[in-house]
Amino acid sequence: MRKIICFALLSAVLFTSCNKEIEQIAETQNVTTTRAAVTTVDQNPLFNLGTQNSGIYTATQSYPVSGTVTTLDIELQVPTSATLTGVSIIAPQGTIIGGSDSNIVFAEFRNSSDENHVSLSSGQGIAFQLQLNAVNVAANQLKMRVHTTGAQAFETTLSQAVNAGSTIIWDAKSLATTKGNNWITPLNDDVYVSQLSIPGTHDAATYGLTFGKCQELSIQQQWDMGIRVFDLRPGYKRVSTGFFKYTYQLHIYHGIISTKYSFKQAIDCITANLEANPDEFAIVIMRHESDASSDRNRWNSLMCDFLNNSLDAKYRADFRADMTVGDARGKLLILSRDAYANSPICGGFISGWSHSTDGTTSGTISGKSNATLCVQDYYDVSNTSAKFNSICNFFEVAGGNTDPAKWVINHTSGYTGSSLNSGYQKNAANNNPAAYRYIILRSEPAPLGIVVMDYVGARKVSSRTVYGDLLPQTIIDNNYRFTMLSK
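Sequence positions in the sequence shown follow the numbering used here and run 276 to 762.
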């Protein structure tokens, strides 16, 4: 059963690596009345690492503990410039270091004067304190993952053993930089996929277009940022194979606009990343983009041929309503909104998709077993307040979900006014920052489901602030804030 965990607020100290004595600037902050008592990091020789930068930074810890505790006094220093959203302490599965059942403790970093996280230059760091349950952990078994808004994370392992109830000084000034944001890898195998909070990209292949552009990053760059759900719209196009000879090939479109990706190129990019990162998984949500290629029989035939002959069987995931992270690792789950055959070759078929203002909670995903689908994809946004209300409503649907066979897909994406680039930008500026604020101001953490958005990676597009850097990462971080429903 999913457990909602209240939060304890810790103060944090920002430093640069020089020899002047540090001055404490962090103060206790009350974030909401539901949060637990405060532990304050006071002046201590531990923090004599450098000159203090201006500003107040807070660290909000999940899974507060009581009674005898293990204390981690942590000093971390980033090897490259980064915006830090938080840090997770990860013990082996089954070692309960947080609350009554978690092997992960997460602390979120934030500048207390605004809604931004903590931005550090190369060589700067932050010092803070976390508390764990009083348990023994063997040497080289406690890991730290530093979460950032970019296409990387920082990691290290505590070389010494942790004795229950002790205070450990963790010098984390030699962090390794990961290639890509592999946030699924540390999660427990038995967590239901339907309980995850997963960032996704609407019309994922539209990078580089002049018109119909919804993304600022390539599919590879999206993967590196931690995007794990990709909305792809394959149609088909005629391709020359010789003098007066041609064939048809699946190609990705946005409406009638041809993208730079064939369907094979997009899928190959994703499976190459699965090969390199076998503890991750990916989901493709696809539909027949019939505006550009209307012959449904031809599309069905091309898709069947591709899935049977061009997608390596080792990457194919069959849809099961109660599939877990362990079931999905290393796999690509393809969910098609259009049935290309009587039954799915792999993945599943979606029926009952909705573009209405209110969305639907009665769609279905069918495969090896069937699931209820709740989907909000109100994309022609004539009523901006109705769009955001619907986004929030589906966050609440996901947050209250205790049924592993219920999947939630929620779109912040769409266009306002017109389907030109400016229309997508206006909608993203209206809804991405608002969705971000809604998530961070929730009094209790809970699942978000699949959240599909435009312009990931970009703080601004043209002159509009779209929070494409902050929204995906706060969705990712949500998976570390509470105990998710498990098998």
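C-beta: ideal position from N, C-alpha, C; glycine also. A quick note: this is a predicted structure, and the numbers were derived from the prediction, not measured.
Worksheet item: Counting along the chain, where does the beta strand (DSSP E) carrying residue 587 start and finish?
Response: No beta strand (DSSP E) contains residue 587, which DSSP labels as neither H nor E.
Item to complete: Would you check if the region 476-489 and the region 431-441 touch, i.e. whether three or more CB-CB distances between them fall below 8 Å?
Response: The answer is no - the region 476-489 does not touch the region 431-441, with fewer than three Cβ pairs under 8 Å.
Worksheet item: When the distance is taken between beta carbons, is residue 579 closer than 8 Å to residue 521?
Response: The answer is no: Cβ separation not under 8 Å.
Item to complete: Ignore the nearest five residues each way along the sequence and tell me which others in residue 320's own chain have a CB closer than 8 Å to its CB.
Response: For residue 320, the predicted model reports a pLDDT of 26, less than 50, meaning its position is unreliable and no value from the coordinates is stated.
Practice prompt. Kindly indicate which three-state DSSP category residue 651 falls into: helix, strand or coil?
Written response: In the three-state DSSP reduction, residue 651 falls in the strand class (E or B).
Worksheet item: Do you know how far the Cα of residue 681 is from the Cα of residue 762?
Response: Roughly 14 Å between the two C-alpha positions.
Discussion item. Buried or exposed for residue 295, going by 16 or more other Cβ atoms inside 10 Å?
Written reply: In this prediction, residue 295 has a pLDDT of 29, which is less than 50 and means its spatial position is unreliable; what the coordinates show is noted afterwards. Of the other Cβ atoms in all chains shown, fewer than 16 fall within 10 Å of the Cβ of residue 295; this residue is therefore exposed.
Worksheet item: Is any heavy atom of the ligand ATP found at a distance shorter than 7 Å from the C-beta of residue 441?
Response: Only the bare structure without any ligand can be found here, which leaves the ligand ATP out of the picture.
Practice prompt. Go through its chain and collect everything with a Cβ distance to residue 721's Cβ below 6 Å, but skip five positions before and after it.
Written response: Cβ neighbours of residue 721 beyond the five flanking positions: 674.
Practice prompt. Might you give, ordered along the chain, the residues of its own chain that have their beta carbon closer than 6 Å to the beta carbon of residue 427, omitting 5 neighbours on each side?
Written response: Excluding residues within five positions, the ones whose Cβ falls inside 6 Å are 452 and 453.
Worksheet item: So the alpha helix (DSSP H) residue 254 belongs to, where does it begin and stop?
Response: Because the chain here runs from 276 to 762, residue 254 falls outside it and cannot be looked at.
Worksheet item: What number of angstroms, rounded off, separates the C-alpha of residue 489 from the C-alpha of residue 744?
Response: C-alpha separation (whole angstroms): 15 Å.
Item to complete: Could you have a look at residue 613 and say whether DSSP puts it in helix, strand or coil?
Response: In the structure shown, residue 613 sits in coil (DSSP, three-state: anything other than H, G, I, E or B).
Practice prompt. With DSSP collapsed to three states, give me the class of residue 408.
Written response: If DSSP states are grouped into helix, strand and coil, residue 408 belongs with the strands.
Discussion item. Using a 10 Å radius around the Cβ and a threshold of 16 neighbouring Cβ atoms, would you call residue 688 buried or exposed?
Written reply: Answer is buried; the Cβ neighbour count reaches 16.
Worksheet item: Taking DSSP as the reference, what is the three-state secondary structure of residue 747?
Response: Under the three-state reduction of DSSP, residue 747 is assigned to helix.
Worksheet item: How is residue 566 classed by DSSP in three states: helix, strand or coil?
Response: The answer is coil: DSSP assigns residue 566 none of H, G, I, E or B.
Fill in: Whole-Å CB distance - residue 483 paired with residue 535, under 8 Å assumed
About 5 Å; that satisfies the 8 Å criterion.
Discussion item. Between residue 361 and residue 752, how many whole angstroms is the CB-CB distance? I'm expecting something under 8 Å.
Written reply: Going by Cβ atoms, the distance from residue 361 to residue 752 rounds to 6 Å, so yes, they are a contact pair.
Worksheet item: Of all the options 564, 547, 612 and 539, which has the alpha carbon lying nearest to the alpha carbon of residue 581?
Response: The shortest C-alpha separation from residue 581 is found at 539.
Fill in: Nearest-angstrom beta carbon gap, residue 424 and residue 358 [assumed within contact, 8 Å]
That belief holds up - the Cβ atoms of residue 358 and residue 424 are roughly 4 Å apart, short of 8 Å.
Fill in: Nearest-angstrom Cα separation, counted from residue 713 out to residue 646
So the alpha carbons of these two residues sit roughly 27 Å apart.
Discussion item. Comparing C-alpha positions only, which one of 380, 730 and 399 sits nearest to residue 406?
Written reply: Taking residue 406 as reference, the option from 380, 730 and 399 with the minimal CA-CA separation is 380.
Fill in: Per-residue burial, residue 318 [other beta carbons within 10 Å of its own, 16 or more giving buried]
Below a pLDDT of 50, predicted positions are generally treated as unreliable, and residue 318, at 27, falls in that range; the measurement from the model is reported next regardless. Per the 10 Å Cβ criterion, exposed.
Fill in: Sequence-distant residues of its chain with Cβ nearer than 6 Å to residue 560 (five each side left out)
Cβ neighbours of residue 560 within its own chain (closer than 6 Å, five residues either side excluded): 506 and 610.
Item to complete: From the DSSP output, in three-state form, read off residue 478 for me.
Response: Annotated three-state conformation of residue 478 is coil, per DSSP.
Discussion item. Under DSSP, the alpha helix (DSSP H) around residue 662 begins and ends at which residues?
Written reply: Per DSSP, residue 662 belongs to the alpha helix (DSSP H) from 659-674.
Discussion item. Excluding the 5 residues flanking residue 575 on each side, which residues of the same chain have their C-beta closer than 6 Å to its C-beta?
Written reply: Result list for residue 575: 615, in chain order.
Discussion item. Please state the DSSP three-state secondary structure of residue 468.
Written reply: Three-state result, residue 468: helix.
Fill in: Sequence-distant residues of the same chain with beta carbon closer than 7 Å to residue 468, five excluded per side
Excluding positions up to five away in sequence, the list reads 598, 599, 600 and 603.
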